[in-house]
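The structure appears below as structure tokens.
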Amino acid sequence: MRMYDVIAKKRDGHELSTDEIYEFIDEYVKGDIPDYQASALLMAIFFNGMSEREILDLTMAMAASGEQVDLSPIEGIKVDKHSTGGVGDKTTLIVSPIVAACGVKVAKMSGRGLGHTGGTVDKLESIPGFKTDLDQEEFFNVVRKTGISVIGQSGNLTPADKKLYALRDVTATVESIPLIASSIMSKKLAAGSDCILLDVKTGSGAFMKTVEDSVKLAETMVKLGEGAGRRTCALITDMDVPLGNNIGNSLEVIEAVETLKGNGPKDLTHEAVQLAANMLRLADKGNEADCIDMVNKVIADGSALECLKAMVKAQHGDVSVIEDTDNFTKAKYSHDVLSDREGYIAHMNTEGCGIASVMLGAGRETLNSLIDMAAGIIIAKKTGDKVEKGDVLATLYADDEKLFEAAQKKYLESVEFSDSPVRRNPLIYAKVDRDGVRYTENV
Ligand code: URA
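The numbering of the sequence shown is our numbering, which starts it at 536 and goes up by one.
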């Protein structure tokens, strides 16, 4: 295969053959194809797209580029969940223990924060002692014992995605449906679960800014999952406003614990219940109403919170911070962001809110930056809320007071006001599964 010919073929809008796609992935991972040629092919895919068959080939070739986890030694159905990334999205910490408390196992590999979006592995590592780098035997044993384990992605899972993602990040080729779908689904297929729930975020804090594009991405991923024999379903959820009130690693664990105790904010609670119920549906635990009832029951009787505690203990974390979240180390300084006007919050640039949190130390500015686990933002007023002059819009937390000025500026730039009342977006726009797309708020 001449890489030049493959690039030219895609540049001219033709379909690549299965062999060409597999060879490209194989040779690129081995280092036999240079980054500049891979970049040219990615850009040609960005502009000309791929057929369903090409996306399936690309996904399978990437999934086969490294280790493929066999979860069959763990008894029962295993369900995975993936969010396309957002701000304040701590739902994995809530839905995984809920689902485990309902008797369905979750053996999950999660990622770290990326750009303005947070990552579950960083959040879990804010729990003192918590280990996210378990070997396979310990990972399986934690799932067998507690019904749930969340670890970092194993080093050898989908090396093709690791290389290609880093290249896309610096060549302006991230926002392409074939490339995002194959990147996410190759990892999910290689991670081995029987069922996959996808949380496809839409809006100003998401990679996909419109519902239409999010539905297209979800349809592509559901087809890939079902085509590979995994029950797959996607919810299209709003990321035009941060989810819940807390942004930042230990702040998000605290909010997740409150939600598992039944005291979470309304938006986060509603979304977590819907996600968890749909994971139970995928595992054939009952109809929609049964699954919602099961979820509400394990929150009300405390068994979901017990599952989280059991996982934290089994992964060497300090359970005392879950039992009493006041035991988390707090940021040294806090700073209230005040409103200089009255009105209604019309819109929040959610990416901007995420960046403000990164500026306080809650995320990485560069690949090797250290995270301040206690840093972040607690939002007091969100889209649709009425605000008086002098009201606290949000409180910023950091270990260095000098960080507040720039982060506050970024936060305030991200909040738009209106003089008249504003309608909030729906939290859930649609559900996509093998039966098609259902647009509704109540899925
Ligand atoms: N998340 C991924 O894992 N891959 C993408 O391409 C985008 C979001």
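Glycine included, each C-beta is placed from N, C-alpha and C at the ideal position.
For Glu900, the secondary structure class from DSSP, reduced to helix, strand or coil, is coil. Beta-carbon to beta-carbon, Cys842 and Pro632 are separated by about 4 angstroms, close enough to satisfy the 8 angstroms threshold.
Contact between the segment 914 to 928 and the segment 838 to 852 is absent: fewer than three C-beta pairs spanning the two stretches fall below 8 angstroms.
The closest heavy atom of the ligand URA lies less than 7 angstroms from the beta carbon of Phe742. Counting only runs of at least 3 residues, the segment 765 to 837 fully encloses the following beta strand (DSSP E) elements, listed from N- to C-terminal order: 766 to 773. Only residues of its own chain outside the window of five on either side were considered, and among them Thr594, Met597, Ala598, Thr693 and Asp696 have a CB closer than 6 angstroms to the CB of Ser721, listed in chain order. Sixteen is the threshold: since fewer than 16 other Cβ atoms of the shown chains lie within 10 Å of the Cβ of Tyr571, the residue is exposed. Excluding the 5 residues flanking it on each side, Ala575 has same chain C-beta neighbours closer than 7 angstroms at Ile542, in chain order. Secondary structure of Lys640 (DSSP, three-state): strand. Spatial neighbours of Lys820 in its own chain (CB-CB distance under 8 angstroms, excluding positions within 5 residues in sequence) are listed in chain order as Cys637, Gly638, Val639, Cys826 and Met829. If you check the CB distance, Ile686 and Asp853 do not come in under 8 angstroms. Taken from the Cβ of Tyr700, at least one heavy atom of the ligand URA lies inside 7 angstroms. For Ser574, the shortest C-beta to heavy atom distance toward the ligand URA is 7 angstroms or greater. Under the DSSP assignment, Ala598 falls in the alpha helix (DSSP H) whose first and last residues are Glu587 to Ala598. In this structure, the ligand URA has no non-hydrogen atom nearer than 7 angstroms to the beta-carbon of Leu659. Relative to the ligand URA, the beta carbon of Thr755 is positioned no closer than 7 angstroms to any heavy atom.
Straight-line measurement puts the Cα of Arg765 at about 14 angstroms from the Cα of Ile719. Straight-line measurement puts the Cα of Val678 at about 42 angstroms from the Cα of Phe582. Secondary structure note for Leu931: its beta strand (DSSP E) is the uninterrupted segment Val927 to Ala933. Leu591 and Ala716 have their alpha carbons spaced roughly 9 angstroms apart. No residue range can be given for Phe665, since it is assigned to no alpha helix (DSSP H) and is classified by DSSP as neither H nor E. Separation of Val622 and Gly740 (C-alpha to C-alpha, rounded to the nearest whole angstrom) is 6 angstroms. Judged by DSSP in its simplified three-state form, Val685 adopts strand. Every residue whose Cβ sits closer than 5 angstroms to any heavy atom of the ligand URA is listed here in chain order: Ile715, Ser718 and Ile719. In the displayed model, Ser949 falls within coil according to three-state DSSP, outside both helix and strand. At the C-beta level, Thr772 and Asp729 stay beyond 8 angstroms of one another. The beta carbon of Pro713 is closer than 8 angstroms to those of Ile580, Gly584, Met585, Glu589, Ile590, Leu593 and Thr755 in its chain, skipping five residues each way along the sequence.
Taking 8 angstroms as the upper bound for CB-CB distance, His651 and Ile890 are in contact here, some 5 angstroms apart. Under the three-state reduction of DSSP output, Arg973 falls in the strand class. Under the 8 angstroms Cβ criterion, the segment 862 to 880 counts as touching the segment 931 to 938, having at least three qualifying pairs. At a Cβ-Cβ threshold of 8 angstroms, Met883 and Pro777 count as neighbours.
Ranked by Cα distance from Arg546, the first of Leu577, Ile568 and Glu555 is Leu577.
Partner residues in the beta bridge of Leu733, as assigned by DSSP, are His617 and Ala769.
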